[in-house]
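For the sequence shown, position 20 (counting from the first letter as 1) is numbered 44 according to the numbering used here, and the numbering increases by one without interruption.
Beta carbons: idealized from backbone N, C-alpha and C, even for Gly.
If you're wondering where the values come from, they're calculated on a predicted model, not measured in any experiment.
What follows is one structure encoded as structure tokens, with my remarks underneath.
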Amino acid sequence: MSQPSPKLRLALVGYGKMGKEVERIALERGMEVTARVDVDTPSLAVDGVRNADVVIHFAFPATVVNHISELAALRKSVVLGTTGWQKERSAIEHAVKASGIGLVHSSNFSIGVNLLNRLVREAGLLVNRLAEYDVAVHEIHHKDKLDAPSGTALSIASILLETVKRKKELLPGSPDGRIRPDQLQVSSGRYGSVVGMHRVVFDSTADTLEIVHTAKNRSGFALGAVLAAEWIRERHGMFTFEEVLEDLFQQR
């Protein structure tokens with residue numbers, strides 16, 4: 025008879041609204057939070073991080089490379105929810121491979137958003153055969169979000185650029201005048217306390233089809249990050265959250 029897994033111990037790097045929501049979900053699932061690291065913590069080499077099984081990172085983009093290097097040196101696997109680090113991907117991949125840790129990353133850990141990505145992929149493949157339809161992406165977030173377009177919007181755009189072959193170039197923001205037919209516009213709105221909304225629009229002269237995901241709160245993002253932490257605990261290498269969900273779907 026197999027023994028139950030010991031309680032998962034998590035360290036939280038970034039203890040803002042997302043970090044606190046991750047903590048709430050983790051405690052509900054019977055996990056232990058060993059460290060809460062914020063901007064006033066000079067180093068990750070503290071006892072709470074050393075004692076953790078997995079570190080969940082929701083912090084500033086500028087901290088990612090240094091933090092992953094520190095956590096790799098400590099041999100701590102990571103769930104990376106911070107966005108805006110893709111230009112440093114090679115350095116992060118090197119740290120993960122050299123240390124043998126596990127890392128799960130995603131522009132969005134919401135299960136609903138990952139379902140959205142699947143729907144967009146299927147719709148893109150169909151619209152690729154229908155030249156009558158144009159396509160665009162629009163996202164809205166709260167006024168304090170640091171990056172625009174959002175990492176999720178850019179991930180959606182990459183799916184559309186892959187599936188709708190007539191779209192060749194990403195056009196972020198508001199264009200100055202007419203755009204080319206081969207450009208895919210990704211626009212953003214920043215106001216209030218909007219948790220997150222992503223809209224994919226397929227438009228023709230006859231009709232408009234929209235696929236929309238609206239986050240009601242941060243619990244969906246936090247749950248996804250905690251599920252990823254459970255999954256990466258005994259694994260090594262760099263994975264996407266899509267791979268985590270695919271494995272979990274197959275188990276159910």
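The alpha helix (DSSP H) enclosing residue i, as first and last residue numbers
{"i": "Gln-275", "result": "265-275"}
{"i": "Thr-58", "result": "Unbroken run through Thr-58 is the beta strand (DSSP E), 56-61; no alpha helix (DSSP H)."}
{"i": "His-44", "result": "The question names His, but residue 44 in the sequence shown is Lys. Looking at the DSSP string, the run of the alpha helix (DSSP H) that includes Lys-44 is 41-52."}
Boundaries of the beta strand (DSSP E) in which residue i is found, first to last residue
{"i": "Gly-244", "result": "Gly-244 -> not in any beta strand (DSSP E); alpha helix (DSSP H) instead, spanning 243-256."}
{"i": "Ser-37", "result": "The sequence shown places Val at residue 37, rather than the Ser named in the question. 33-37 is the span of the beta strand (DSSP E), which, as asked, contains Val-37."}
Per DSSP, cross-strand counterpart(s) of residue i
{"i": "Glu-227", "result": "The amino acid at residue 227 is misidentified as Glu; the sequence shows Asp. Looking at the DSSP assignment, Asp-227 forms a beta bridge with Asp-158, Thr-232."}
{"i": "Leu-208", "result": "Leu-194"}
{"i": "Ser-101", "result": "Val-78"}
{"i": "Thr-238", "result": "Met-221"}
{"i": "Arg-214", "result": "His-165"}
{"i": "Gly-261", "result": "Gly-126"}
Nearest-angstrom beta carbon gap, residue j and residue i [assumed within contact, 8 Å]
{"i": "Val-70", "j": "Ala-59", "result": "6 Å"}
{"i": "Phe-133", "j": "Ala-249", "result": "5 Å"}
{"i": "Val-16", "j": "His-166", "result": "Limits of the chain in this structure are 25 at one end and 276 at the other, which puts residue 16 out of reach."}
{"i": "Leu-140", "j": "His-237", "result": "4 Å"}
{"i": "Ile-49", "j": "Leu-247", "result": "5 Å"}
{"i": "Asp-77", "j": "Leu-32", "result": "5 Å"}
{"i": "Met-221", "j": "Leu-127", "result": "Actually they do not touch by this definition, with Cβ atoms about 28 Å apart."}
{"i": "Ile-183", "j": "Leu-195", "result": "Rounded, the Cβ-Cβ distance is 16 Å, inconsistent with contact."}
{"i": "Arg-19", "j": "Thr-187", "result": "Look at the range of the chain in this structure, 25 to 276, and you will see that residue 19 is not part of it."}
{"i": "Thr-107", "j": "Asp-171", "result": "6 Å"}
_Assess contact between the stretch 97-117 and the stretch 216-227, defined as three or more Cβ pairs (one per stretch) separated by less than 8 Å. Is contact present?_
no
*Evaluate the contact criterion for the stretch 169-180 versus the stretch 251-262: three or more CB pairs, one atom per stretch, below 8 Å.*
no
*Every unbroken alpha helix (DSSP H) inside the stretch 120-186 [4 residues or more]*: 135-151
*Segment contact flag, the stretch 198-211 with the stretch 160-174, C-beta cutoff 8 Å, min 3 pairs*: yes
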